[in-house]
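Following: one structure in structure tokens, then a few remarks.
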């Protein structure tokens, strides 16, 4: 009987401590009778959608004044002594385990942190000072947290660029994959990161990180081509294929060329060196950016003109767009050696002759 009374008293004391902890925790400024913590949690996908608009208005009313508290919430974690206290309480009579966890917020840790991130997302570019914290939140173990961090960083557009690129070499795994998703969202604004993304593809071939880097490069526009060419001319077939796939998205007008190269370019192909050198001479130089093969022929250097004719000749088949381009070049005065065009025309004429005999 004596021990039973001691247990009940101990349980009551623990319960009082937990209640004091709950009441003491700062839940943010009060808006319309409700703490900011509750408002921002209503922004989450787990909340009732009908509450979203009111929650957005509550965050907007505070503006940047909400940032210190939202950051505090983003980094919220239980005190080190809280878990041992809960473990003791679980074995105390007359207290239900579910009640203990509800009072101690052990089920809500992810929602508390995610609420802080969701609140920052609503601030848009006003949340720029919190970029390092948001990039760090991409590595959170809870999907509710890192998904909201992605949304917040997307809304910041190109502003997180330097924070992300400075951390790419230091972070690995899914955390880096999510950082690459943010770069993909920046599109051409992130083109300066192209060389770093190529390194990730080379080192992590086939991984989620490499796939995310490929997706990001594919959105960066033609200025990413010099970096991508390094993949397309690689001695590793899987990298070469990845490079050609990216180039096909950067230069969709040349889709017949990319289809032809992907079907025929293999390690040791008889024309391999000539074709790879031609690719480098058209799109491998950062100081020469060409939108198409035609652009390289008419507006480029003698080197790029010759290389573009070689590539057109590679993809030319009777009746296709490249064969027609070669025919039109017959009467043009070009910067390249005339022998290059003659060789390409000779090839297409031979195709035509073989086709007519059939």
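Numbering (our numbering), first residue to last: 12 to 369. Ideal placement from N, C-alpha and C gives every residue a C-beta, glycine not left out.
Is residue i near residue j, with beta carbons less than 8 Å apart?
i           : j           : result
residue 332 : residue 358 : no
residue 293 : residue 315 : yes
residue 257 : residue 295 : no
residue 80  : residue 66  : no
residue 163 : residue 128 : yes
residue 209 : residue 261 : no
residue 54  : residue 130 : yes
residue 141 : residue 82  : yes
residue 121 : residue 159 : no
residue 231 : residue 198 : yes
residue 216 : residue 250 : yes
Is residue i helix, strand or coil by DSSP?
i           : result
residue 46  : strand
residue 300 : coil
residue 356 : helix
residue 261 : helix
residue 373 : The question about residue 373 has no answer here: the residues shown for the chain are numbered 12 through 369.
residue 244 : coil
residue 232 : coil
residue 341 : coil
residue 145 : helix
residue 291 : helix
residue 273 : helix
residue 86  : coil
residue 308 : helix
residue 222 : helix
residue 171 : coil
residue 34  : Annotation note: pLDDT 47 at residue 34 (below 50); position unreliable, no value reported.
residue 130 : helix
residue 118 : Because residue 118 carries a pLDDT of 47, less than 50, the predicted location of this residue cannot be relied on, and the following value inherits that uncertainty. Note: residue 118 maps to coil in three-state DSSP.
residue 59  : coil
residue 140 : helix
residue 135 : helix
residue 373 : Nothing can be reported for residue 373, as the shown portion of the chain is limited to 12 through 369.
residue 79  : helix
residue 198 : helix
residue 52  : helix
In the DSSP assignment, what are the bridge partners of residue i?
i          : result
residue 41 : 46
Pop quiz: residue i and residue j are said to be a contact at Cβ under 8 Å. What is the actual Cβ separation, rounded to whole angstroms?
i           : j           : result
residue 228 : residue 205 : 6 Å
residue 289 : residue 340 : The pair is not a contact, with the Cβ atoms about 16 Å apart (cut-off 8 Å).
residue 202 : residue 235 : 5 Å
residue 70  : residue 168 : Not a contact, Cβ separation roughly 19 Å.
residue 320 : residue 308 : 7 Å
residue 212 : residue 224 : 5 Å
residue 219 : residue 185 : 7 Å
For the stretch 173-180 and the stretch 189-196, state whether three or more C-beta atom pairs, one from each stretch, are separated by less than 8 Å. yes
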